[in-house]
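The structure under discussion appears below in the form of C-alpha cells.
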Amino acid sequence: MTIATFAALIAFLFPLAYSPGPGNTFFAAIGASRGPRAAIPALAGYHAATFVVTAAIGLGLGATVLMHPAFVVVLSAAGSLYVLWLAFTFIRSARSRARSASQVAAQSATTSAESAESPAPALPPAPAQKIGFWSGALVLLLNPKAYYIIVVMFAQFLRPESGSGLAAVLLITAIFTLNNLIAFLIWTAGGRMLTALFRGERAQQFIDYLFAATLIGVAIWMALPLFGLG
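Going by my numbering, the sequence shown opens with residue 3, and the numbers climb by one from there.
Right, dumping it as C-alpha cells:
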C-alpha cells in the first residue's frame, strides 16, 4: 500500500469512526455509566467481530448476502431492536440509581433522627446488567450499514498497487479495525469525562437517560431501511 493510498483510506475512515453512530454511542454510554474498564469485554467483542466480518467481505465471502433485500430487512430489524434493548438497560440503570438514592435518603433521615452524630450511609452502587463480549459483537453484527461501509471501502482501496490477495485484505482489515478501536476508546473515555464533570446521583441519572435517548435515536436510524428511507 502506497502512502497516498494509506492517507486516502484514513481520510475515508476517520469521519465514519469518529462521528456518532451505533458503536461509538454505545461505548460512550458504557464509559459514562460504568467506566472504561467495564467496556473492555464489549470492545473486544466488537472489534473481533469487525476483524472477522471485514476480512470475510474482503475475501468475497460475505458481500453477496447484501444483495438479498430480505437479509438487509431482517438485519436492520434485529439491529434496531437490539439497540433499543441496550437503551432500556441504561434507562433501568437510571431508575435503579433513583431508587437507591431515595432509599439512602430515607435511611439517612431516620439515622439522623436517632443520632445527630451518626454519619450518613454511603450510597450503594446501582445494580447494572453486565455488558460483555457478545454484547459488543452484536452491535457490529446486527448493523447492515457497517457491512455496506466495508464493501465500499474494499471497492475503493483494494487496488493492484496495495498488494494482492490475502495480504492486502488483511492489511486493510487491520487498519479499519485499529482505526475503529482508537475512535471507540476516545468515545469511551469521553463518556467517563462527562460523568467526572457532572458529579452526583441526579447528574448520573440524567447522563444515563441522555445516552438512552441517543441510543433510541440510533435505533430509529438503523431501522430506516425497513421503510425504504435508509
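Where is the CB? At the ideal position from N, CA and C, for every residue including glycine.
Quantities reported herein were computed from a predicted structural model and do not represent experimental measurements.
Below 8 Å, too few C-beta pairs join the region 12 to 27 and the region 198 to 211 to call them touching: fewer than three. The beta carbon of Asn145 sits closer than 6 Å to those of Pro24 and Gly81, all from its chain and outside the five residues before and after it, given in chain order.
For Phe29, the enclosing alpha helix (DSSP H) begins and ends at Pro24 to Ser35. Put simply, of Leu226, Leu183 and Thr216 the residue whose alpha carbon is nearest the alpha carbon of Leu45 is Leu183.
Counting only runs of 3+ residues, no beta strand (DSSP E) is found wholly inside the region 154 to 188. The C-alpha of Ala30 is placed about 12 Å away from the C-alpha of Phe92.
Taking 8 Å as the cut-off, the beta carbon of Gln158 is found closer than this to the beta carbon of Phe14.
In the three-state scheme derived from DSSP, where H, G and I count as helix and E and B as strand, His70 is classed as coil. In the three-state reduction of the DSSP assignment, Ser21 falls in the coil class. At the C-beta level, Val154 and Ala57 stay beyond 8 Å of one another. Looking at Met224, Pro227 and Ala205, the one whose alpha-carbon comes closest to that of Ser35 is Ala205. For Ala176, the CB contacts under 8 Å within the same chain, skipping 5 residues up- and downstream, are Phe53 in chain order. With respect to the 8 Å criterion, Trp189 and Gly47 are not classified as neighbours on the basis of their beta carbons. Counting only residues of its own chain and dropping the five nearest sequence neighbours on each side, Ala79 has a CB closer than 8 Å to the CB of Ala225 and Leu228. Note on Leu217: 16 or more other CB atoms within 10 angstroms of its CB, so buried under the neighbour-count rule. Where Met224 is concerned, the enclosing alpha helix (DSSP H) starts and stops at Glu203 to Ala225. Annotated three-state conformation of Met3 is coil, per DSSP.
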